[in-house]
Amino acid sequence: MDYPRTDYTTDFSSSMIDPVKNTIENLHEVTKALHRKKSYVSQTPFSVIDKDEFTGKNRKKHLQGDAYINIDTVLEEPLPSRKWSICRATTFIQDFDERMAFIPRMVSIGPFHYKISYTRTMEAHKLRFLDRLLKSCNHPQVMLEKLEDAMRELELETRECYSEEFPEIDSDNFTRMMLVDGCFLIELLRLYHRRCKGQLADDPLFETRWLPFSLGCDILLFENQLPLFVLQKLYKLTNLDDDDDDEQVSLNKLALQFFESLRPGKDIITIEDFVDKGEEKSHLLALFHSSFFTNTPKPPARIRRRSNKYNTFSGKCWFYNAKLLVKHGIHLKKKPGNILDIELNKKELRIPTLFIDENTTIVLKNLVAYEQNDRRASSYFMSLVFFISNLLLNTEDAGLLMAKGIIRQTRHQGEKVVELFDNLAANIAFDIDNCYLSEIVRDINMFTHTRSAPFKVFLSSVSLRISIIEFMFFLTSTTLSIVSLITSLRSK
Numbered sequence: 001m002d003y004p005r006t007d008y009t010t011d012f013s014s015s016m017i018d019p020v021k022n023t024i025e026n027l028h029e030v031t032k033a034l035h036r037k038k039s040y041v042s043q044t045p046f047s048v049i050d051k052d053e054f055t056g057k058n059r060k061k062h063l064q065g066d067a068y069i070n071i072d073t074v075l076e077e078p079l080p081s082r083k084w085s086i087c088r089a090t091t092f093i094q095d096f097d098e099r100m101a102f103i104p105r106m107v108s109i110g111p112f113h114y115k116i117s118y119t120r121t122m123e124a125h126k127l128r129f130l131d132r133l134l135k136s137c138n139h140p141q142v143m144l145e146k147l148e149d150a151m152r153e154l155e156l157e158t159r160e161c162y163s164e165e166f167p168e169i170d171s172d173n174f175t176r177m178m179l180v181d182g183c184f185l186i187e188l189l190r191l192y193h194r195r196c197k198g199q200l201a202d203d204p205l206f207e208t209r210w211l212p213f214s215l216g217c218d219i220l221l222f223e224n225q226l227p228l229f230v231l232q233k234l235y236k237l238t239n240l241d242d243d244d245d246d247e248q249v250s251l252n253k254l255a256l257q258f259f260e261s262l263r264p265g266k267d268i269i270t271i272e273d274f275v276d277k278g279e280e281k282s283h284l285l286a287l288f289h290s291s292f293f294t295n296t297p298k299p300p301a302r303i304r305r306r307s308n309k310y311n312t313f314s315g316k317c318w319f320y321n322a323k324l325l326v327k328h329g330i331h332l333k334k335k336p337g338n339i340l341d342i343e344l345n346k347k348e349l350r351i352p353t354l355f356i357d358e359n360t361t362i363v364l365k366n367l368v369a370y371e372q373n374d375r376r377a378s379s380y381f382m383s384l385v386f387f388i389s390n391l392l393l394n395t396e397d398a399g400l401l402m403a404k405g406i407i408r409q410t411r412h413q414g415e416k417v418v419e420l421f422d423n424l425a426a427n428i429a430f431d432i433d434n435c436y437l438s439e440i441v442r443d444i445n446m447f448t449h450t451r452s453a454p455f456k457v458f459l460s461s462v463s464l465r466i467s468i469i470e471f472m473f474f475l476t477s478t479t480l481s482i483v484s485l486i487t488s489l490r491s492k
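Per UniProt numbering, residue 1 is the first one in the sequence shown, and the count goes up by one each step.
Written out as C-alpha cells, the structure is:
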C-alpha cells in the first residue's frame, strides 16, 4: 500500500484464512444427513429443499404447506458461530435522527463505516499520523514491516470481534484498516497527552479547541470501535525506548485522559484508579464505561432476588415525578462528582449534576447502546436513564431539576430535556431487579407511601400554597368566627 511522503512502504500480500469455511463444510454435511433421512424431514415443521425444487407446482405446494429452508441461502449466509463484542446499534432504530447518534461525523474507525464518503477528509490525516509515527522511529521501514506482520497475525481474531463478516473487505484492506486506524488513534492520544503536560502538540488537528472534542465523540461511538487488543499491540510496538515518559504511561490512561471532557458529569476522575486493573476491556467505549464506577452500594442478594418474573418494564412507573416527590416531602439537591452516585439520605435525594449538550447526549446514547448489546457490561446508564426519566414527567419537572442545578443544559429547553430522556429510555428492555438504584427506588417509594403522605399532599395543595403557620392561623380564625356566629344566633 502507498503512504504519502515516504519511501519505506510495502504491499500487503498475505491472504486471509476464510473464517466461515468450516461452518460451510459443516452445513454441507448436515444437509446430506437431512436428505438421507427424508422421511424424518417430511414430518418436521420445516422442509429442506434445493433451489431447483422451488419452482412451479412445488413452489405452490411449499407456500401452501410447511415453511421451507432454502439451502443455497443458508450456505451463502451461515449462522454466526462466535461471540462478538462490537455490533451495530442502529439495527432496530427506525428514526433517522436517532440513527445519526451512532454514525461518525468526522472520522470512521473499524469496518462498520469503512470509507464512508463524509469522512474522507480525515483519511488523509490518518495517513499523515501514520507517516508521523513512522518518521519518529530510527528505522521506519523495519517498523512498518513489524506493524504489518503484527496486524496480519491478529486479523482473524479481530474479525471475530464483529457481528458481521465483511466479505467486501479483503484481507489486505482489512489489515491495512487495522494498521492505519489503530496508529491514528495511538498518535492522537499521545499528542493530546503531551498537550496536557504543557508541551507543544505540533499538529493542525490541535490548532482548534473544538476539533479534539468532536473527534473524541466519534471515537466513542459503539459502531466505531477497534478491539482494544489491536491498539495495545500497536502501542507496545511503537513505544520508543528513548521516550521514557510515554513508556511509563499506559494506553488506558492516555485514552481516559483524552475522553475526560466528554464525561456527562464533567467530573474529574483519578485515572490511576481505573487503568490496568481487572480484565482487559473489549474496546475504547468499554474502557470509558468502566471508569464510571459508582459508590452507590448494590442491594444484597436477598433484596435483589427477583420479585416478579415479568418485572421487565419501561416507562414512568418506578416512583413519583420530581414535582410530586417534593410535595411528598423529598428534598432534591445537587451534588458534585460521578453522575452515577445518586444517594438518598432520609428525605434528601442528592443527584450529581448532569450536563446536557450535543456531545454528551451522543455519548449517553452510545453508553446505553453498549449496555444493551453486551450482557457483560453493568447496566449503570440504563438505570440512570430510567431514574431521570421517571423524575421528568413534564416540563415543570425539567424546570425544577434545572432550578436545583441537577440538570444543566446549553440550548435544550424543558420540553427538549423531557423528550431526550424519553427517547433514551424507549425500546429498552430493562429489569428493575438488576438496577443498581433499586434500593434507592424502594426507599423512595416507602417514604412517599407512608400514612402521612396523603396529609403532606393535602398541605402542599392548600390555596395559594400558604405555609403551615398561615394555614393554622386561617383555620383558627375560621373556627372562632363560626363559634362567634353560633353564639350570636343563640343569644337572639
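Ideal Cβ placement from N, Cα and C applies to all residues, glycine included.
Predicted, not measured: the structure shown is a model, and the values here were computed from it.
- Beyond the five residues adjoining it in sequence on each side, Ala369 comes within less than 7 Å, by CB distance, of Ala89, Phe102, Phe222 in the same chain, given in chain order.
- For the options Asn239, Val441, Ser481, Phe129, the alpha carbon positioned closest to that of Asn138 is the one of Asn239.
- Taking the Cα positions, Asp181 is about 15 Å away from Ala255.
- Taken through DSSP and simplified to helix, strand or coil, Leu349 comes out as strand.
- The shortest C-alpha to C-alpha distance from Ser291 to any of Ala150, Leu367, Tyr436, Met402 is the one to Leu367.
- By the Cβ criterion, the stretch 201–220 is in contact with the stretch 354–365, since at least three pairs of Cβ atoms, one from each stretch, lie closer than 8 Å.
- Separation of the CB atoms of Leu185 and Leu231 is rounded to 6 Å, and the pair is thereby assigned contact status at 8 Å.
- Between the stretch 279–286 and the stretch 378–398, the count of C-beta pairs closer than 8 Å stays below three; the two stretches do not touch.
- Of Glu260, Asn173, Leu325, Ala286, the smallest CA-CA separation from Pro227 is found for Ala286.
- Listed as beta-bridge partners of Leu354 by DSSP are Ile407.
- By the beta-carbon neighbour count (other beta carbons within 10 angstroms, threshold 16), Cys196 is exposed.
- For Lys335, the enclosing beta strand (DSSP E) covers residues 331–335.
- Residue Phe386 holds the alpha-carbon nearest to the alpha-carbon of Asn434 among Leu325, Asn252, Phe386, Glu187.
- Contact between Ser438 and Ile432 holds, since their C-beta atoms are separated by about 6 Å, short of 8 Å.
- For Leu344, DSSP records a beta bridge to Leu349.
- When secondary structure is reduced to three states using DSSP, Ile362 falls in the helix class.
- Counted as a single uninterrupted DSSP element, the alpha helix (DSSP H) harbouring Ser171 occupies residues 171–196.
- Tyr162 is bridged by DSSP to Ile86.
- The residues Ala150, Leu154, in chain order, have a CB closer than 7 Å to that of Lys233 in the same chain once the five nearest residues on each side in sequence are set aside.
- Straight through space, the alpha carbons of His449 and Leu189 are spaced by roughly 51 Å.
- In this structure, the alpha-carbon of Ile428 lies about 13 Å from that of Asp374.
- For Arg408, the closest C-alpha among the options Phe174, Glu145, Leu220, Ile339 is that of Ile339.
- Bounds of the alpha helix (DSSP H) holding Val326 are 322–327.
- Sequence-distant Cβ neighbours of Asn321 in its own chain, meaning closer than 8 Å and more than five residues away, are Asn390, Leu391, Leu392, Leu393, Asn394, Asp397.
- In this structure, the beta-carbon distance from Ile406 to Leu332 falls below 9 Å.
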